[in-house]
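**Student:** My questions all concern the structure below.
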Amino acid sequence: MKTHATNKRAHYDYEILEKIEGGLVLKGYEVKSIKTGHLSLKGAFVTVKGNELFLTNASIPAYQPANMPDNYDSTRPRKVLARKSQIKSLIGKISQKGLTLVPIKVYSKHSLIKLEFGVGKGKRKIDKRESIKKREDAIKMKRILKDNK
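So the sequence shown is numbered by the working numbering: it starts at 578 and just counts up by one.
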């Protein structure tokens, strides 16, 4: 399982309540571009249209710019494949105030490109400060333990 891209700000900006795996509907040249590491989840989010999920605002630049179609849009919405029951439960969850679907990482499983996304609740500024403080405390403890050996 090779990870192609991660959303570094997902855990910083959101408290992830639940993680879900889904497939992505892509074109061949998009798959080649992803497998060569050209994918950005910065500012991306998952939206619901009808009873379908879409990865919106994820940037997949052209694999070979000279051979791409003229109307290629690198940030077009891409369909996310999930079970009907999962989609219905997600629609119910995100209808609550303050919950959203956040892409976490894109990886390949066997020969398929998968998206891991989560139901996230936005953190307030004070929550972000607490998570920074916990991380810095953990680093300090590691240094102390390392120096004592």
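Cβ atoms here follow ideal geometry from the backbone N, Cα and C, with glycine treated the same way.
If you're wondering where the values come from, they're calculated on a predicted model, not measured in any experiment.
#1: Does the beta-carbon of residue 607 have 16 or more other beta-carbons within 10 angstroms, so that it is buried, or is it exposed?
#2: Quick one: measure Cβ to Cβ for residue 692 and residue 614, integer angstroms, because I've assumed they're closer than 8 Å.
#3: Among 661, 619, 628, whose alpha-carbon lies nearest the alpha-carbon of residue 679?
#4: Can you tell me whether residue 602 is buried or exposed, with buried defined as 16 or more other CB within 10 angstroms of its CB?
#5: If you draw a straight line from the C-alpha of residue 669 to the C-alpha of residue 656, how long is it?
#6: Would you mind sorting residue 611 into buried or exposed? The rule is 16 or more other CB atoms within 10 Å of its CB.
#7: Use the C-beta contact count for residue 584: other C-beta atoms within 10 angstroms, 16 or more gives buried, fewer gives exposed.
#8: So, do the region 694–712 and the region 579–595 have three or more beta carbon pairs nearer to each other than 8 Å?
#9: Helix, strand or coil, according to DSSP, for residue 703 in the structure here?
#10: Determine the closest residue to residue 681 out of 624, 694, 629, with distance taken between C-alpha atoms.
**Tutor:** Let me lay it out:
#1: Start at 1 with the first residue of the sequence shown, and residue 607 comes out as number 30. Residue 607 is buried by the Cβ-count criterion.
#2: For the purposes of this step, residue 692 is taken as residue 115 along the sequence shown, with counting starting at 1. For the purposes of this step, residue 614 is taken as residue 37 along the sequence shown, with counting starting at 1. Actually they are not in contact, since the Cβ atoms of residue 692 and residue 614 sit about 16 Å apart, beyond 8 Å.
#3: Taking the sequence shown and counting its residues from 1, one reaches residue 679 at position 102. Of the candidates 661, 619, 628, the one whose C-alpha sits nearest the C-alpha of residue 679 is 619.
#4: On the sequence shown, position 25 is the one that residue 602 refers to. Flag for residue 602 reads exposed.
#5: For the purposes of this step, residue 669 is identified with residue 92 of the sequence shown, where counting begins at 1. For the purposes of this step, residue 656 is identified with residue 79 of the sequence shown, where counting begins at 1. Whole-angstrom Cα-Cα distance: 19 Å.
#6: Counting from 1 along the sequence shown, the entry for residue 611 is found at position 34. So residue 611 counts as buried.
#7: To locate residue 584, count along the sequence shown from 1; it is residue 7. Buried, because 16 or more other Cβ atoms sit within 10 Å of the Cβ of residue 584.
#8: yes
#9: The sequence position of residue 703 within the sequence shown is 126, counting from 1. In this structure, residue 703 counts as helix in the three-state DSSP scheme.
#10: For the purposes of this step, residue 681 is taken as residue 104 along the sequence shown, with counting starting at 1. When each option's Cα is compared against that of residue 681, the closest is 694.
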